[in-house]
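Residue numbers for the sequence shown follow the working numbering, so the first one is 27 and each next one is one higher. Note that beta-carbon positions come from the ideal geometry of N, C-alpha and C, so glycine has one too. Since this is a predicted model, take the numbers as computed values, not measurements. Accompanying notes for the structure given below.
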Amino acid sequence: MKRATILITCLLLAGCDGSDPTTDAGAPPPDAATPDGGDDAGPPRCGGVVCGADEACVREVCLATCGADLSGWDAALAPELTPVHVFCRAADAFGTSVEGTTTTILDVTASPTATGTDLSLAAWNADPASAPSPTTIATASVTHDASTFLFAGGYVLAGAGGYAFGYTLSDMSFTGAVLFATSAGDVTATDATGNFDVAPTADGFLVNGLGLEGAGASGQAVYHLAPSGPTAAQIVTGIGSSSGSVAITADYALVGGLDDAYVGHVYSVPRAALDAAIAGGAPIATPFEESGAGGRPIGSAFALVNDWIVEPRYDETFAQVALLAHPIEEWSESAGLTVGASFDLTTGPSFTSALQAAEGRALLRFGGGLLLVE
Numbered sequence: 027m028k029r030a031t032i033l034i035t036c037l038l039l040a041g042c043d044g045s046d047p048t049t050d051a052g053a054p055p056p057d058a059a060t061p062d063g064g065d066d067a068g069p070p071r072c073g074g075v076v077c078g079a080d081e082a083c084v085r086e087v088c089l090a091t092c093g094a095d096l097s098g099w100d101a102a103l104a105p106e107l108t109p110v111h112v113f114c115r116a117a118d119a120f121g122t123s124v125e126g127t128t129t130t131i132l133d134v135t136a137s138p139t140a141t142g143t144d145l146s147l148a149a150w151n152a153d154p155a156s157a158p159s160p161t162t163i164a165t166a167s168v169t170h171d172a173s174t175f176l177f178a179g180g181y182v183l184a185g186a187g188g189y190a191f192g193y194t195l196s197d198m199s200f201t202g203a204v205l206f207a208t209s210a211g212d213v214t215a216t217d218a219t220g221n222f223d224v225a226p227t228a229d230g231f232l233v234n235g236l237g238l239e240g241a242g243a244s245g246q247a248v249y250h251l252a253p254s255g256p257t258a259a260q261i262v263t264g265i266g267s268s269s270g271s272v273a274i275t276a277d278y279a280l281v282g283g284l285d286d287a288y289v290g291h292v293y294s295v296p297r298a299a300l301d302a303a304i305a306g307g308a309p310i311a312t313p314f315e316e317s318g319a320g321g322r323p324i325g326s327a328f329a330l331v332n333d334w335i336v337e338p339r340y341d342e343t344f345a346q347v348a349l350l351a352h353p354i355e356e357w358s359e360s361a362g363l364t365v366g367a368s369f370d371l372t373t374g375p376s377f378t379s380a381l382q383a384a385e386g387r388a389l390l391r392f393g394g395g396l397l398l399v400e
């Protein structure tokens, strides 16, 4: 701005004294309207640099577009979020494993075949200094007819000395399985009807779904799967008629479920009670129902990210309008969670879910990959 002002002032002064600025200086002055003094059509500067051909400027940060339209991102992101980096990677499911300052991305891709679908589990380091370089851990083939669709589970995670991922088919029974892969690539499938989400325990996984092979009981519940056994048991009941998310912390577990009216709910279970049920105790039948500020139910499809319960919000046409964050302020066994005023982490349909990253950061999923924010 200062440079442009000086140039304009000089031109005005030169015009007043009768001199010709295009001849006295030997050449026309550089174009003051562009930061680099070049052509108006040149790339704009972003945070002091010029973005590349496949990048867009969002809040003074050059971000890879991954083929997506980033023009609405500035308005979509909460004001307190700062974009850091975009990882271009297409996958059907994403998860993270965080150790110290390192975030490892786990992902699953589904590829149709003549007899069904192949699933591929891969891992890569979320390093802003380099592009994703996935390493395949394991593959699995699922046989189904051409009229049936396979939906990769919304989860992929490390635990029990290996990795868990899964799928559900579009048949009337919601046939599906939780797949456990070792680091050597061996895969074991456990039938899990309507499995929606999985969380790690000390020796296995919590599975939120309609059933689990070997559990001895069925219906919407949280089950425990110990791959080394293998053993399975029903752990938490009374959480509705359709499955939702599950997350576990040092003090409690959060469990989602849909009621018969398709209204989502989130329940909490003290960790001590959960561990007792996993160890062989009776299933927990009366989990504590949580709610957002003002008593509003929290959606059953959620993620636990940076002490926020993050859920997608939809309008009456089922179009996503936001990722809503409920800040967790306190937990007690007698009263459950104290949740602060919710806020929009993102608005609009650009970002569909959130994942935990190292150092208090988060990853936001979009059509072309993952956006790292802080």
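Straight-line gap, residue i to residue j (C-alpha atoms, nearest Å)
| i | j | result |
| --- | --- | --- |
| Ala-388 | Phe-328 | 14 Å |
| Ala-218 | Pro-70 | 52 Å |
| Gly-180 | Pro-256 | 23 Å |
| Gly-283 | Gly-264 | 9 Å |
| Gly-394 | Gly-325 | 25 Å |
| Ser-438 | Pro-353 | The shown model of the chain, from 27 to 400, leaves out residue 438, and the question about it has no answer. |
| Ala-157 | Leu-238 | 38 Å |
| Tyr-189 | Asp-95 | 33 Å |
| Phe-344 | Pro-338 | 11 Å |
| Leu-396 | Glu-125 | 19 Å |
| Val-233 | Gly-73 | 45 Å |
| Ala-383 | Leu-236 | 30 Å |
| Ala-319 | Ser-269 | 23 Å |
| Thr-275 | Ala-79 | 43 Å |
| His-170 | Val-112 | 35 Å |
| Pro-154 | Val-336 | 24 Å |
| Tyr-288 | Pro-323 | 12 Å |
| Tyr-419 | Glu-106 | Any property of residue 419 remains undetermined from this structure, which presents the chain solely from 27 to 400. |
| Gly-307 | Asp-144 | 38 Å |
| Pro-309 | Ala-243 | 11 Å |
| Asn-151 | Ser-358 | 36 Å |
| Leu-390 | His-291 | 23 Å |
| Ala-101 | Asp-370 | 11 Å |
| Thr-161 | Asp-212 | 15 Å |
Whole-Å CB distance - residue i paired with residue j, under 8 Å assumed
| i | j | result |
| --- | --- | --- |
| Leu-205 | Ala-166 | 6 Å |
| Ala-178 | Ala-136 | 5 Å |
| Thr-141 | Thr-130 | That pair is no contact at about 32 Å. |
| Ala-82 | Leu-132 | Ala-82 to Leu-132, Cβ: 27 Å. No contact. |
| Ala-273 | Gln-260 | So it is not a contact: roughly 19 Å between Cβ atoms. |
| Asp-286 | Ser-271 | Their Cβ separation, rounded to whole angstroms, is 19 Å, which puts Asp-286 and Ser-271 out of contact at 8 Å. |
| Ile-163 | Ala-203 | No, Ile-163 and Ala-203 are not in contact; Cβ-Cβ is about 17 Å, not under 8 Å. |
| Phe-120 | Val-182 | 7 Å |
Cβ shell of residue i (< 7 Å), same chain only, five flanking positions each side left out
| i | result |
| --- | --- |
| Gly-52 | Summary for Gly-52: the model assigns pLDDT 47, below 50, so the residue's position carries little reliability; its value from the coordinates is reported in the next sentence. Excluding residues within five positions, none has a Cβ falling inside 7 Å. |
| Asp-118 | Val-134, Thr-135, Ala-136, Ala-178 |
| Pro-313 | Val-262, Gly-264, Ile-265, Val-281, Tyr-293, Ser-294, Val-295 |
| Ser-199 | Thr-219 |
| Glu-315 | His-291, Tyr-293 |
| Ser-317 | Pro-323, Ile-324 |
Spatial neighbours of residue i in its chain, beta-carbon cut-off 6 Å, leaving aside the 5 residues before and after
| i | result |
| --- | --- |
| Ala-210 | none |
| Ala-311 | Thr-263, Gly-264 |
| Asp-341 | Val-347 |
| Arg-115 | Pro-158, Gly-395 |
Proximity below 8 Å, CB of residue i to CB of residue j
| i | j | result |
| --- | --- | --- |
| Gly-192 | Val-224 | yes |
| Val-304 | Thr-216 | Reading off the sequence, residue 304 comes out as Ile, not Val. No, Cβ-Cβ distance for Ile-304 and Thr-216 is not below 8 Å. |
| Leu-350 | Ala-380 | no |
| Gly-374 | Gly-98 | yes |
| Leu-398 | Val-75 | no |
| Gly-220 | His-250 | no |
| Thr-127 | Glu-385 | yes |
| Leu-103 | Thr-378 | no |
| Ser-159 | Thr-174 | no |
| Thr-201 | Pro-253 | no |
| Thr-108 | Glu-400 | yes |
| Ser-368 | Phe-392 | no |
| Ala-258 | Gly-245 | no |
Contact set for residue i: own chain, Cβ-Cβ below 8 Å, skip 5 residues either direction
| i | result |
| --- | --- |
| Thr-49 | Here the model assigns Thr-49 a pLDDT of 40, short of 50, so the residue's position is not dependable, and the following value carries that caveat. Here the set comprises nothing. |
| Thr-139 | Ser-167 |
Residue i Cβ short of 7 Å to the ligand FAD heavy atom set
| i | result |
| --- | --- |
| Gly-290 | This structure does not include the ligand FAD; it has no bound ligands of any sort. |
Can we say the region 351-364 touches the region 70-88, given the rule of at least three CB pairs closer than 8 Å? no
Counting Cβ pairs, one atom from each stretch, are 3 or more of them under 8 Å apart for the region 296-304 and the region 331-338? no
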